[in-house]
Amino acid sequence: MAKQLDLELLYTFTLVAEIGELKKTAERLFKSHSAICMQIKRLEEIAGVSLIERKHNRIALTQKGEILLSYCKRMLSLNDAAIAALQDNDISGQISFGIPTDYAKDFVTLFLPSLKNKLPNLQAKIVCDRSRSLRNKIVSGNLDIAIVAGEMGVIDEEFLWSEKLLWVSSPNFQYDASQEIPVAVLEDDCIVRNLTLDGLKSSRLNYKQVFTSPMLDNIADAVFNSMAISLLPESMLTKANSKVLPNSIIKSKDLLIMNLIRSSSVADNIFRIVCEHMTDIFTS
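Structure, rendered in structure tokens:
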């Protein structure tokens, strides 16, 4: 009989590939570091090849690992689709979604039409806010499901995707150690603001805040137009509008993790369908 791949091992492997660190993967799955290592080792034994390797204190996939990852996503998606097909999808009523302001456009234009096709009788209500505020609304029962930025010590969240946070400037920015460096900072209470200020503190740069806004798009515009430097998600950047600052000036070491959370009143089958669709939309 041919060897069979374990879906739980494939799910763990997929998270390791997306997050890039065994320790953070262990935290996300509420498992020990050694348990994650054992799962990856077991998967390699089944596959008969090496799947991961360490590069610059991060996990990278081998060539065989990249091949397996492409199959993992399809196998896990097919598994979820099979389970969903066995459930009663005649779901109706209203559901409220909390969306971080900076992701609202993608949610409205990409996710909602897909959800409407899957669950035509489900009516969606949308609330846009910062992640910490959305998390509070879930706890208080004022929202059903929300996308939030992951934070240390917060549990019971479903991983959606992750991306690097990079210190960037415009392409023509010139660093002068004798001058205060202009910085753009989010003004709201959020994890990106915290990471920005923490990074500035640890770098010991001589800086001044010259631009604040509650919107990441506005922060990015300030950077791209040479007004300031800032910490931005990698997905917002292009070679034409920005350049990553070297570690000799300030280190880019943070990862933005986006999770899905729900209130206790949301049924498992609804949450599963929503999670599956969000993962497909926001990671494609």
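With the UniProt record's numbering applied, the sequence shown corresponds to residues 1 to 284, in that order.
We put the beta carbon where it would ideally sit given N, CA and C, even for glycine.
Since the structure is predicted, the reported quantities are computational estimates derived from the model, not experimental observations.
Buried or exposed: which applies to residue i, given that a residue is buried once 16 or more other Cβ atoms fall within 10 Å of its Cβ?
i    : result
V152 : Looking at the sequence provided, one finds Met at residue 152 rather than Val. That one is exposed.
H56  : exposed
G48  : exposed
L256 : buried
P182 : buried
P100 : buried
A220 : buried
S77  : exposed
D176 : exposed
V192 : buried
S235 : exposed
According to DSSP, what are the bridge partners of residue i?
i    : result
S96  : K125
A146 : G98 and I261
V244 : V168
A60  : E53
F211 : A184
I229 : V183
D254 : L165
Does the separation of the CB atoms of residue i and residue j fall below 7 Å?
i    : j    : result
I261 : F111 : no
Q63  : Q94  : no
C128 : A104 : yes
L51  : L9   : no
S178 : I229 : no
A222 : A184 : yes
T25  : I40  : no
S263 : I138 : yes
L22  : H33  : yes
L7   : N79  : yes
L143 : M258 : no
R135 : D189 : no
L195 : V244 : no
L68  : A17  : no
E180 : Y207 : yes
P233 : E163 : yes
F224 : N247 : no
S203 : I250 : yes
Give, in chain order, every unbroken run of the alpha helix (DSSP H) that is at least 4 residues long and sits entirely within the region 159–207. Counting only runs of 4 or more residues that sit fully inside the region 159–207, the alpha helix (DSSP H) segments are 191–203, in chain order.
Taking contact to mean 3 or more Cβ pairs, one atom from each stretch, closer than 8 Å, check whether the region 140–154 and the region 116–124 are in contact. As far as the Cβ criterion goes, the region 140–154 does not touch the region 116–124, which means the pair count is below three.
Taking contact to mean at least 3 C-beta pairs separated by less than 8 Å, is the region 265–279 in contact with the region 197–211? The region 265–279 vs the region 197–211: no contact.
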